[in-house]
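FYI, my numbering numbers position 43 of the sequence shown as 44, with every residue one higher than the one before it.
Every residue gets a Cβ at the ideal spot worked out from N, C-alpha and C, and that includes glycine.
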Amino acid sequence: MKHTRPLSLYKTRYMQIFCLIVIFLCSGSGCTNNAAATKPPNTILKPKVTQDEHVKSISPEIIVKNQHLVNDTINVVKVNSPEDGWLVIYQSINNTPGTILNHVHISKGTQHNISLKVRGVDPGDILFARIHTDTKKIGRFEFPPHDEPLEDMTAVPFVMTQEKEIEKNITTSTAIPTRNI
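The following block contains the structure:
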């Protein structure tokens, strides 16, 4: 007596073989389910980024050097800000940002060589630079209670030196974490 297999078993096997063939053919020919498969060779795909997304992707950063005062002025080498705000200079109290000495409005993006006047600073004094938001009345520094320091941004310390001391770049990556004010 001849043994017969059910028809559904053959259909299942044929489907399995068909799927394996499709997978094999696509893996060798570069079949994918993305936009790259429709682009000609040597085309670089760049993600579309809106202006707002680009600005939000800017990591806040401050680069400042240990420096001596020239005409009661300090210089901040570079500021990256993800939004319009304020660059604020603090005098140290117990190695944390204390009294605000001065502030200047900054635009979102990168700015270089920002100068600020400060008074009552002596060699050896530690100052801090920090980015604040501009939230309540735009263009008017209202801290406190508004225009708070950026979240997840460490105040960057730098030292006022004697005129001939070596200057060292200080950045947010080498900054000492401080408490939030």
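Can you tell me whether residue i is buried or exposed? The criterion is at least 16 other CB atoms within 10 Å of its CB, across all chains shown.
i           : result
residue 133 : buried
residue 19  : exposed
residue 131 : buried
residue 24  : exposed
residue 154 : buried
residue 22  : exposed
residue 127 : buried
From the options, pick the residue whose C-alpha is nearest to that of residue i; which is it?
i           : options           : result
residue 164 : 145, 80, 148, 124 : 124
residue 93  : 156, 17, 26, 22   : 156
residue 149 : 120, 158, 96, 87  : 87
residue 61  : 75, 102, 82, 74   : 82
residue 158 : 17, 72, 99        : 99
residue 151 : 142, 84, 111, 126 : 84
residue 109 : 59, 17, 26        : 59
residue 142 : 16, 115, 101      : 101
Mind checking whether residue i and residue j have CB atoms under 7 Å apart?
i           : j           : result
residue 106 : residue 79  : no
residue 89  : residue 77  : no
residue 162 : residue 147 : no
residue 189 : residue 117 : Lying before the first or after the last residue shown, residue 189 is absent from the chain, which here runs from 2 to 182.
residue 122 : residue 103 : no
residue 91  : residue 129 : yes
residue 96  : residue 160 : no
If you follow the beta strand (DSSP E) that residue i is in, where does it begin and where does it stop?
i           : result
residue 156 : First-last for residue 156: undefined, no H or E at that position.
residue 136 : Here residue 136 belongs to no beta strand (DSSP E), and DSSP marks it neither H nor E.
So is residue i in contact with chain B if we call contact Cβ pairs under 7 Å?
i           : result
residue 127 : Of the chains in the structure shown, none is chain B; there is only one protein chain.
Along the chain, which unbroken stretches of the beta strand (DSSP E) at least 3 residues long are found entirely within the stretch 52-125?
Within the stretch 52-125, the complete beta strand (DSSP E) runs of at least 3 residues are 62-66, 74-82, 86-94, 97-107, 110-118.
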